[in-house]
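Enquirer: The opening residue of the sequence shown carries number 67 in the numbering used here; numbering runs sequentially from there.
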Amino acid sequence: MLEFPFWKNAIIWGICLFCAYLAVPVAFYARVESHNDAVAFLEAGNPATPEIQAASYAWPGWMPNALVNLGLDLRGGAHVLVEVRVEEIYAERLDNYWPLVRDALRDLKDQVGNVRRVENDPAVLRVKIGEPAGMPAALEAVKAIAQPIVSLTGLGTTDIVVSNEADEILVVLSDAEKVASDDRTMEQSLEIVRRRVDEAGTREPTIQRQGKDRILIQVPGIGSAEELLELIGKTAKLTFNTVNGRTSDANATPGAGEILVPSIDEEGVFYVLERRAVVSGDQLVDAQPTFDQNGRPAVSFRFNPQGGKIFGEYTAANVDNPFAIVLDDEVISAPTIQTAIPGGSGQITGNFTVEESTRLAVLLRAGALPAEIKVLEQRVIGPELGQDSIEAGKLASIIAFAAVCAYMVLSYGIWGMFANVALILNIVLIFAMMSVIGATLTLPGIGGIILTIGMAVDANVLVFERVREELRSGKGPVRAMSLGYEKALSAIVDGSLTTLIAAVILFALGSGPIRGFAVTLGLGLVTSIFTAIWVTRSIIAAYLNWRRPKTILV
67 MLEFPFWKNA IIWGICLFCA YLAVPVAFYA RVESHNDAVA FLEAGNPATP EIQAASYAWP
127 GWMPNALVNL GLDLRGGAHV LVEVRVEEIY AERLDNYWPL VRDALRDLKD QVGNVRRVEN
187 DPAVLRVKIG EPAGMPAALE AVKAIAQPIV SLTGLGTTDI VVSNEADEIL VVLSDAEKVA
247 SDDRTMEQSL EIVRRRVDEA GTREPTIQRQ GKDRILIQVP GIGSAEELLE LIGKTAKLTF
307 NTVNGRTSDA NATPGAGEIL VPSIDEEGVF YVLERRAVVS GDQLVDAQPT FDQNGRPAVS
367 FRFNPQGGKI FGEYTAANVD NPFAIVLDDE VISAPTIQTA IPGGSGQITG NFTVEESTRL
427 AVLLRAGALP AEIKVLEQRV IGPELGQDSI EAGKLASIIA FAAVCAYMVL SYGIWGMFAN
487 VALILNIVLI FAMMSVIGAT LTLPGIGGII LTIGMAVDAN VLVFERVREE LRSGKGPVRA
547 MSLGYEKALS AIVDGSLTTL IAAVILFALG SGPIRGFAVT LGLGLVTSIF TAIWVTRSII
607 AAYLNWRRPK TILV
């Protein structure tokens, strides 16, 4: 049981050395982090300043650069609670129904006469027909386009409710559809916020739904809540609309099916645009910061095949006509179409800085928020508090480590020293694995590491106590050590497995700091089994083969 061939030792110590190599960046955290940020900045196409270049060379390129992410409580960052105004989607849903209603009534023109939309309430789609006598047929036609929905609330079975007042058809969303719409809006908002934050290069954000219409966002490494809100607060809704005219009258009344939109670059200028967009940002598949032919910051974009086809056909049919690029209800550019633009790609130009073009590209890639968000709470956790937590965690870890090491040496002598070597390797393995998987270290996570320090030597204690029992029964040193490992193995595995199950459940059902604790505890259990069963046994086997003692004291 204590015979270790060369290949087995090579595997055990090869794993330890490789993990030590992966854990090296943790010892030079600030330098490696500056290097990673500088490299990411340069790879995004940003200009290389002397400071950025110096930071990019602060760490050798051939060395690993994966770091353990620090949580909000250690790194500092922004905490924001927002409310998604889900009711804004209702009017948009009804707007999308208007073409369907119009087409359904077009086939009944002989019975219903002319059809016109009456716009006085965004919560109700009102359609006026020219022949009131045709109202029954009109109602049946509109009801036929209603879509069935699956709802657990029992509030309704279709997405719209159709009724009439005199010569007007009234279409409203059913209660069941509002509930379903709210859920879709929240899911989409969560995903888009997560993508925007991740695109920005922040680390391990906490993004959770709270209640019916709220989202909690906690992002380490951001210096202010305003910086976070600039990233997630913009709707970033991009559309390409037909230009019907322009005016300097901010109170001008647009015609039916038109909207009045201000220009972002031309002060006092307003564009009259078709309400329905030719193509929208939903069909974008990529957006990247770039520079135009004059060297000014711009954003290049590319549509999916469907959007590219529509964009190409529209530009081919409207050569020499202007069209507007609208972002968040502002015209950022209104160029004249010089030629057809096939392929579905183009470029957005304007008075951008490099930072603005980069942020706009991030927002467009992530997609548009489906509804406006309202900030309910915002606060910043300063890095000083995080540094205090780190220092307190370091001190607690050092004290725990020193106490455990002293206990093992006093209790088991040289065998306790071997266990302490394995304990050091155990901590190295934990940080190496956390770096590789991109785990986040939180303050409770430090607690998990401290707990692991205490639990890591449990396996060795079990082995050494079993060895003592075998020595009392008259077994020789090698035989006693072999039997100690054999008989303690099942207890070590069972004890670690039950605790690992608890750690997995904590990770699956917990959130934030609880998951941080579960990660370090779970990884610590796995590495503890490896170091107790293989590393210490390898050391002890080498010692016994070297010294070949007649008796041993444990």
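C-beta atoms are modelled at their ideal positions from N, C-alpha and C, and glycine is treated no differently.
What residue range is occupied by the uninterrupted beta strand (DSSP E) comprising D352?
Expert: Unbroken beta strand (DSSP E) run through D352: 350-357.
Enquirer: Considering only the beta carbon of each residue, do L191 and V237 sit closer than 8 Å?
Expert: Result yes, Cβ atoms of L191 and V237 sit closer than 8 Å.
Enquirer: Can we say the region 193-213 touches the region 174-184, given the rule of at least three CB pairs closer than 8 Å?
Expert: Touching, per the Cβ criterion.
Enquirer: Counting pairs of Cβ atoms below 8 Å between the region 547-564 and the region 498-508, do you hit three or more?
Expert: Short answer: they don't touch.
Enquirer: Confirm, please, whether the CB-CB distance from T586 to I496 is below 8 Å.
Expert: Yes, the Cβ-Cβ distance between I496 and T586 is below 8 Å.
Enquirer: Tell whether a beta-carbon distance below 8 Å holds between F306 and V344.
Expert: In this structure, V344 lies closer than 8 Å to F306 by Cβ.
Enquirer: Is I465 helix, strand or coil by DSSP?
Expert: Residue state, collapsed to three classes: helix.
Enquirer: Look at V41 and V148 and say whether their C-beta atoms are less than 8 Å apart.
Expert: This structure gives no information on residue 41, because the portion of the chain shown stretches from 67 to 620.
Enquirer: Where G196 and E158 are concerned, what is the direct C-alpha to C-alpha distance, given to the nearest angstrom?
Expert: Going by the C-alpha atoms only, they are around 26 Å apart.
Enquirer: Is the distance from the Cβ of S604 to the Cβ of I118 below 8 Å?
Expert: No. Outside cutoff.
Enquirer: For E99, which option in G410, I515, L136, D395 has the closest C-alpha, if you only look at C-alpha atoms?
Expert: Taking only the C-alpha atoms, the option nearest E99 is L136.
Enquirer: Does G373 come out as helix, strand or coil in the three-state DSSP assignment?
Expert: Here G373 sits in helix by DSSP.
Enquirer: By Cβ distance, which residues of its chain are closer than 7 Å to E154, with the 5 residues on each side in sequence left out?
Expert: Here the set comprises A437, E438.
Enquirer: Would you mind stating whether A86 and V494 have Cβ atoms separated by less than 8 Å?
Expert: In this structure, V494 lies closer than 8 Å to A86 by Cβ.
Enquirer: Check each candidate in I414, G582, P388, I515 and name the one with the smallest Cα separation from A466.
Expert: Ranking I414, G582, P388, I515 by Cα distance to A466 puts I515 first.
Enquirer: According to DSSP, is I81 helix, strand or coil?
Expert: Of the three classes helix, strand and coil, the one that applies to I81 here is helix, per DSSP.
Enquirer: With three or more beta-carbon pairs closer than 8 Å as the criterion, would you say the region 126-141 touches the region 283-293?
Expert: The region 126-141 is in contact with the region 283-293.
Enquirer: If you follow the alpha helix (DSSP H) that L517 is in, where does it begin and where does it stop?
Expert: L517 -> alpha helix (DSSP H) spans 509-522.
Enquirer: Classify I235 as helix, strand or coil using the three-state DSSP reduction.
Expert: Three-state DSSP puts I235 in a strand.
Enquirer: Does K278 pass the burial test, meaning 16 or more other C-beta atoms within 10 Å, or should it be called exposed?
Expert: Looking at its Cβ environment, which holds fewer than 16 other Cβ atoms inside 10 Å, K278 is exposed.
Enquirer: Can you give the Cα-Cα distance for G374 and N102, rounded to whole angstroms?
Expert: Whole-angstrom Cα-Cα distance: 36 Å.
Enquirer: Under three-state DSSP, which class holds T272?
Expert: Reduced to three states, the DSSP call for T272 is strand.
Enquirer: Thinking C-beta only, is V523 closer than 8 Å to G550?
Expert: Against a cut-off of 8 Å, the Cβ pair of V523 and G550 comes out as no contact.
Enquirer: How far does the alpha helix (DSSP H) with E340 in it extend, from its first residue to its last?
Expert: Here E340 belongs to no alpha helix (DSSP H); instead the beta strand (DSSP E) covers 336-340.
Enquirer: Do F336 and T308 have their C-beta atoms closer together than 8 Å?
Expert: Going by C-beta atoms, F336 is not nearer than 8 Å to T308.
Enquirer: Using 8 Å as the threshold, is the C-beta distance between V570 and G588 below it?
Expert: Result yes, Cβ atoms of V570 and G588 sit closer than 8 Å.
Enquirer: Helix, strand or coil: how does DSSP classify S346 here?
Expert: Strand, per DSSP.
Enquirer: In chain order, what residues of the same chain lie with their CB nearer than 7 Å to the CB of L491, ignoring the 5 residues before and after it?
Expert: If we look at L491 and ignore the five residues flanking it on each side, its Cβ neighbours are C82, T597, V601.
Enquirer: Just the Cα atoms here: how many angstroms apart are S411 and W73?
Expert: In a straight line, the C-alpha of S411 is about 57 Å away from that of W73.
Enquirer: I'd like the span of the beta strand (DSSP E) that includes L191, first residue to last.
Expert: Here the beta strand (DSSP E) through L191 covers 191-195.
Enquirer: Along the chain, where does the beta strand (DSSP E) containing N286 start, and where does it finish?
Expert: The sequence shown places Pro at residue 286, rather than the Asn named in the question. Per DSSP, P286 belongs to the beta strand (DSSP E) from 280-286.
Enquirer: Who are the Cβ neighbours of V420 in its own chain at under 8 Å, not counting the five residues just before and after it?
Expert: Answer for V420: N112, P113, P355, P363, listed in chain order.
Enquirer: Can you look up R368 in the DSSP assignment and give me helix, strand or coil?
Expert: Note: R368 maps to strand in three-state DSSP.
Enquirer: Tell me the DSSP secondary structure of F497 in three-state form.
Expert: The answer is helix: DSSP assigns F497 an H, G or I state.
Enquirer: Is S290 helix, strand or coil when you go by DSSP?
Expert: In the structure shown, S290 sits in coil (DSSP, three-state: anything other than H, G, I, E or B).
Enquirer: On the three-state DSSP scale, how would you describe F94?
Expert: Correct three-state label for F94: coil.
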